[in-house]
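Here the structure comes first, spelled out in structure tokens, and everything after it is commentary.
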Amino acid sequence: MIIEFEVSGQDFKKAGEASFEIKNRLKRLGLPPDIIRRIATATYEGELNVIIYAHKGKVRVCVEDKCVDVTIDDIGPGIPNIQLAMKEGYSTAPPHVKQLGYGSGMGLPNIKKNADWMEIRSEVNRGTNLRFKVNINNKEKA
Amino acid sequence: MKLKDLAEKMGWEIVVRNAPVEAEVKSGYASDLLSDVLANSIEGDLWVTRQTHLNIVAIAVMRDLSGILLSNGVKPDQETVEKAMEKMVPIFRTNLPTFEAVGRLYQLGISGER
Ligand SMILES: Nc1ncnc2c1ncn2[C@@H]1O[C@H](COP(=O)(O)OP(=O)(O)OP(=O)(O)O)[C@@H](O)[C@H]1O
Ligand SMILES: [Mg+2]
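So the protein lines, in turn, are chains Y and E. All residue numbers in the first sequence are consecutive under numbering that gives the first Met the number 0, ending with 141. All residue numbers in the second sequence are consecutive under numbering that gives the first Met the number 0, ending with 113.
Have a look at this one:
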């Protein structure tokens, strides 16, 4: 099963709508609550990064037998130094975003923590592709 | 203690009336940083914060929290209340500063241990 959502940059009013819907669908599929929580958390972090930093993006969730595979692609400024971006505490969020409680530089590390596998590719001035997988039968993590 | 009994005992104002308040609250987390809550909250936590914008509702849903307590007398935005009603997330308010609100919860055995 594949679920797809569009996300618009800077639209904080709709922030989380993709993640809400994905969580609902996974619940209906009867996945274990702790697995759903990990997917929902990581998806929300990815969705919010599109809203905060990019122009627009697409969230695509593919539910397979053994794992849930999430891809979040955006058109935006890209990430010049992915290793740096992955460091906990590193953030380029502007003050108005920080005021909302975002921008602690924990989002990408959070995705890594919740996922069993994660990959980021990015091209400056083009966009970012984030992909992560959560195994359905692995209850070891987070 | 049940969320509704806590609210009554503590004298919190109920902000969202249609949300479920029967959950047994055993633990809590206090933070105003959303990614911190996403990283460190556990299922069933009562979340104490002074963030008032509508995105707090999504955080509570993604993490399966039992509810949100707004401390320091802050008031939620109208769209936060609407979103919480839609997603059935209980929200309460207190005029107490966060430290005091959390301290009183701790006295009732609600723990922040992870
Ligand atoms: N989709 C993206 N496009 C462009 N830059 C990004 C994107 N995602 C992340 N970044 C960059 O990587 C940094 C770290 O991202 P991360 O999600 O870890 O933290 P944050 O968004 O700054 O804060 P938090 O997620 O804790 O609210 C961001 O500040 C930003 O510079
Ligand atoms: Mg982020």
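All C-beta atoms in this analysis are idealised placements derived from N, C-alpha and C, irrespective of residue type, glycine included.
Name the one or two DSSP bridge partners that residue i has.
i	result
residue 28 (chain E)	E:46
residue 56 (chain Y)	Y:6, Y:73
residue 127 (chain Y)	Y:73, Y:121
residue 15 (chain E)	Its beta-bridge partners do not exist; DSSP assigns none.
residue 92 (chain E)	E:12, E:69
residue 136 (chain Y)	According to DSSP, residue 136 (chain Y) bridges with nothing at all.
residue 68 (chain Y)	Y:61, Y:132
residue 157 (chain Y)	Within the shown structure, residues of chain Y are numbered from 0 to 141, placing residue 157 (chain Y) beyond reach of any answer.
residue 127 (chain E)	The structure shown does not extend to residue 127 (chain E), since chain E spans only 0 to 113, so no value can be given for it.
residue 34 (chain E)	None, per the DSSP bridge assignment.
Would you say residue i and residue j are within 9 Å of each other, going by their C-beta atoms?
i	j	result
residue 64 (chain E)	residue 81 (chain E)	no
residue 59 (chain E)	residue 14 (chain E)	no
residue 68 (chain Y)	residue 52 (chain Y)	no
residue 34 (chain E)	residue 44 (chain Y)	yes
residue 130 (chain Y)	residue 42 (chain Y)	no
residue 50 (chain Y)	residue 104 (chain Y)	no
residue 17 (chain E)	residue 113 (chain E)	no
residue 6 (chain E)	residue 98 (chain E)	no
residue 67 (chain E)	residue 93 (chain E)	no
residue 96 (chain Y)	residue 102 (chain Y)	yes
residue 77 (chain Y)	residue 54 (chain Y)	no
residue 13 (chain Y)	residue 78 (chain E)	no
residue 123 (chain Y)	residue 34 (chain Y)	no
residue 144 (chain Y)	residue 38 (chain Y)	Only positions 0 to 141 of chain Y appear in this structure, which leaves residue 144 (chain Y) out of reach.
residue 40 (chain Y)	residue 61 (chain E)	yes
Among the residues of its own chain, which have a CB less than 7 Å from the CB of residue i, if the five just before and after it don't count?
i	result
residue 81 (chain Y)	119, 121
residue 100 (chain E)	47, 68, 70, 93
So, at 6 Å on beta carbons, what are the nonlocal neighbours of residue i in its own chain, with the 5 sequence-adjacent residues on each side left out?
i	result
residue 94 (chain Y)	none
residue 4 (chain Y)	17, 58
residue 114 (chain E)	Outside the displayed range of chain E (0 to 113) lies residue 114 (chain E), so it cannot be described from this structure.
residue 43 (chain E)	65
residue 20 (chain E)	2, 3, 89
For residue i, which residues of its own chain have a beta-carbon under 8 Å away from its beta-carbon, when the five flanking residues on both sides are left out?
i	result
residue 107 (chain E)	0, 5, 8
residue 74 (chain E)	51, 92
residue 10 (chain Y)	50
residue 99 (chain Y)	11
Quiz prompt | Stretch-stretch touch, CB-based, cutoff 8 Å, three pairs: the stretch 22 to 39 of chain Y with the stretch 15 to 33 of chain E | solution = Result no; under three Cβ-Cβ pairs closer than 8 Å.
Self-check item: Stretch-stretch touch, CB-based, cutoff 8 Å, three pairs: the stretch 7 to 24 of chain E with the stretch 91 to 110 of chain Y
Solution: With a cut-off of 8 Å, the stretch 91 to 110 of chain Y and the stretch 7 to 24 of chain E do not count as touching, because too few Cβ pairs lie within range.
Exercise. With a floor of 4 residues, list each alpha helix (DSSP H) that falls wholly inside the stretch 12 to 57 of chain Y, ordered by position along the chain.
Key: The stretch 12 to 57 of chain Y contains these whole alpha helix (DSSP H) runs: 16 to 27, 32 to 52.
Quiz item: Is the number of C-beta pairs between the stretch 55 to 69 of chain Y and the stretch 25 to 41 of chain Y that are closer than 8 Å three or more?
Solution: Contact check between the stretch 55 to 69 of chain Y and the stretch 25 to 41 of chain Y: three or more CB pairs, one atom from each, fall below 8 Å, which counts as touching.
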